[in-house]
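Presented below is the structure to which this report refers.
Numbering (the working numbering), first residue to last: 42 to 471.
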């Protein structure tokens, strides 16, 4: 593979990078999902004048969420502690040997030696609260943005919560319970469960679509070292489960193994990682485990139509068993007009903007373990989380160049558009 053409930012020490796989019975017991998800903006309430558009950045390892501007220089506005009940949760875990085993499994598996305190987060429609999934605590909580106190808590089935998605009207939140092969759908204001449905092994990303459907992608086992292509069958039952978002009844199941084989790429994993839909929701672009690049899927024709291979970085370890949670590239977003894709090349240490018509990539912008990609509030930039450097970077869709970088907390992962009160600068209770 050719050496990437990297656009270098200012030098910065690397931190938090752990690529070795941690073994042991506890990690094996946890059998947990990797990190990932799609892009759904939290809508404003009817009183939009009282709200300010922002971005939530989940600092997974320190249990905080950064709140930054959604455009411009992406300046920091405030920070929310999303684990104010940490002592109470830890007492529960230490008193239950099974919970403790899974808690340590999260730490030594997908957590890369760290606890995972915030995977995903959204705002309530009125901007008064942040709803957060907390993998290590196997729950979802609502944190009051004024006081910093917890409004409600929902314990998911099993022992780990993961990616979330918010319905188009902003009233419901779906969360993957990765060890229970279940997706819960909750009232975003009260935390009451409205329904649930079963998925394949290790449900991961959730996406609501405008036709009243909810898509879930299961990724199977990602903490084993059985990563050779011929061992792909050991990774579990991976599929896309599509349900009616009102009744939670399954309306379609898509097995990408069959579609990849028909496309002539039986060597690729069928674990669908982050994905993004075109504005008309006719085509889907998705990443899979171990792939440096992404695939295009025509939903109506039910077939894979194109593959875009992106450069590998020779400076990174070529041993696929060392890639975090079987990821190679983890993070995908699309410009609002549907003409550009932004790809986070996680294990290759870059991000790039790709023309959707030609699949030609732009400059490879150096980034330290980029773990997510979303779109700025004005639609002009792709925003990536650099989890290895504790910062968020914006890349211009038009030029493919870096336009802003802002420091955040420890190991940022998910980044979501949201709204908060216009005068908000942080919770008053510390």
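All residues carry an ideal CB built from backbone N, CA and C; glycine is no exception.
{"Query": "Buried or exposed (CB count within 10 angstroms, at least 16 for buried), residue 135", "Result": "exposed"}
{"Query": "CA-to-CA distance, residue 98 to residue 429, given in whole angstroms", "Result": "14 angstroms"}
{"Query": "Where residue 178 falls: helix, strand or coil (DSSP)", "Result": "helix"}
{"Query": "Cβ-Cβ distance between residue 118 and residue 466 below 8 angstroms", "Result": "yes"}
{"Query": "Bounding residues of the beta strand (DSSP E) (the contiguous stretch that carries residue 345)", "Result": "344–350"}
{"Query": "CA-to-CA distance, residue 241 to residue 277, given in whole angstroms", "Result": "8 angstroms"}
{"Query": "Contacting residues, own chain, Cβ-Cβ under 6 angstroms from residue 416 (five flanking each side not counted)", "Result": "374"}
{"Query": "Bridge partner(s) assigned by DSSP for residue 110", "Result": "95"}
{"Query": "Within 8 angstroms, strictly: CB atoms of residue 361 and residue 96", "Result": "no"}
{"Query": "Separation of residue 270 from residue 86, as counted between CA atoms", "Result": "Legend: pLDDT at residue 86 = 40, less than 50; position of this residue unreliable, value from coordinates given subsequently. Each residue's alpha carbon lies about 48 angstroms from the other."}
{"Query": "Extent of the continuous beta strand (DSSP E) to which residue 396 belongs", "Result": "391–396"}
{"Query": "Contact the region 183–194 vs the region 216–226: 3+ CB pairs below 8 angstroms", "Result": "no"}
{"Query": "The region 119–130 / the region 173–182 touching (three or more Cβ pairs under 8 angstroms)", "Result": "yes"}
{"Query": "Top-ranked residue by Cα proximity to residue 275, from 283, 287, 262 and 281", "Result": "262"}
{"Query": "Residue 138 (DSSP reduced to helix, strand or coil)", "Result": "helix"}
{"Query": "Endpoints, beta strand (DSSP E) assigned at residue 297", "Result": "From DSSP, residue 297 is part of no beta strand (DSSP E) but of the alpha helix (DSSP H) over 297–303."}
{"Query": "Pair within 8 angstroms by beta-carbon distance, residue 453 and residue 100", "Result": "yes"}
{"Query": "Residues that residue 339 bridges to, as DSSP identifies them", "Result": "324 and 344"}
{"Query": "Beta-carbon proximity check, residue 160 vs residue 174, cutoff 8 angstroms", "Result": "yes"}
{"Query": "Enclosing beta strand (DSSP E) for residue 198 [first to last residue]", "Result": "Neither: residue 198 is in no beta strand (DSSP E) and is coded neither H nor E."}
{"Query": "Runs of beta strand (DSSP E) wholly within the region 232–278 (minimum 3 residues, chain order)", "Result": "234–239, 244–249 and 254–259"}
{"Query": "Of the residues 285, 421, 449 and 231, the one placed nearest residue 394, counting alpha carbons only", "Result": "421"}
{"Query": "Buried versus exposed call for residue 165 [16 or more other C-beta atoms within 10 Å across all chains shown]", "Result": "buried"}
{"Query": "Chain-order list of residues whose beta-carbon lies under 7 angstroms from that of residue 285 (same chain, five-residue window excluded)", "Result": "253, 254 and 292"}
{"Query": "Straight-line gap, residue 92 to residue 459 (C-alpha atoms, nearest Å)", "Result": "10 angstroms"}
{"Query": "Simplified DSSP state of residue 462, which is helix, strand or coil", "Result": "strand"}
{"Query": "Opening and closing residue of the beta strand (DSSP E) in which residue 484 lies", "Result": "Limits of the chain in this structure are 42 at one end and 471 at the other, which puts residue 484 out of reach."}
{"Query": "Whether residue 324 touches residue 334 by CB criterion (8 angstroms)", "Result": "no"}
{"Query": "Whole-number beta carbon distance between residue 404 and residue 427, since they are thought to touch under 8 angstroms", "Result": "Not really, about 16 angstroms apart at Cβ, beyond 8 angstroms."}
{"Query": "Reference residue 223; option with closest CA among 206, 197 and 248", "Result": "197"}
{"Query": "Residue 264 and residue 151 closer than 8 angstroms at C-beta", "Result": "yes"}
{"Query": "Coil, strand or helix - residue 145 by DSSP", "Result": "helix"}
{"Query": "CB contact flag (residue 248, residue 229, <8 angstroms)", "Result": "no"}
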